[in-house]
Each structure stands twice: as C-alpha cells, then as structure tokens.
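Working notes, beginning with the structure itself.
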Amino acid sequence: DVAASLAHNHTSSPADCMFGNGKSYRGTKATTVTGTPCQEWAAQEPHRHTIFTPETNPRAGLDKNYCRNPDNDVNGPWCYTTNPRKLFDYCDVPPCGKLLSLL
C-alpha cells in the first residue's frame, strides 16, 4: 500500500530532512544550494573562523563538513563554503513531511 511504502521510505532515513528551521538537523548533506562543497567545520581554509567550530559548539553536531544550523538561523542549515570568495551559504535540506512527523 502507498502509505506504508511512503512511511518506509521516509522513516528509513529521517535525518535527510529537517524539522522547523533545521536546528536539530544531523543529516549528511554537505553542499550548498549552488552545489558548492562545504568546508569542514574544524578547518580554517579557505575561511578562517572561530565562532562555529566543534570545540566552541560541542553539542551543535559540527561534524565533518555537514550542513548545520548552530546559530538557529531562520533560513535553515548552512555551512562555510570551499569557495574562497563566498564565506558561507545555505543548504537545500527539504522539510520533513507530515507523515514522518506523525510517526
């Protein structure tokens, strides 16, 4: 049945979507809306930064170069980019469907 199939597809990887503004998002998306790869949160190249690092925000899930929302940005998950001319950009993380939120 279609509902069971949808539920299975959505619940098999719930981290691939976000609730609300994505503050709790812990998926593995690592590219910006323009397709630019994200810089690792612990890295200082090409962009030097001190505010959002795994050390300064140990509970924010700043693993590898995954999109995150450590500052509760209303626009959702973002990352520092690997483009030297663009410090950060938002990520295209879809909202979780209503079906998932009911489960």
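With UniProt numbering applied, the sequence shown corresponds to residues 1 to 103, in that order. The beta-carbon is built from N, C-alpha and C at its ideal position, and this holds for glycine as well.
Closest in alpha carbon position to D71, among R59, N65, T82, is R59. Only residues of its own chain outside the window of five on either side were considered, and among them N69, G76, P77, V93 have a CB closer than 7 angstroms to the CB of G22, listed in chain order. If you check the CB distance, T50 and D89 do not come in under 8 angstroms. Per DSSP, F19 lies in no beta strand (DSSP E) segment and is marked neither H nor E.
The residues Y25, G76, P77, V93, P95, C96, in chain order, have a CB closer than 7 angstroms to that of M18 in the same chain once the five nearest residues on each side in sequence are set aside. In summary, Q44 is exposed, with fewer than 16 beta-carbon neighbours lying within 10 Å of its beta-carbon over all protein chains present. Beta-bridge partners assigned by DSSP to F52: none are found. Under the DSSP definition of a beta bridge, Y66 lacks any partner.
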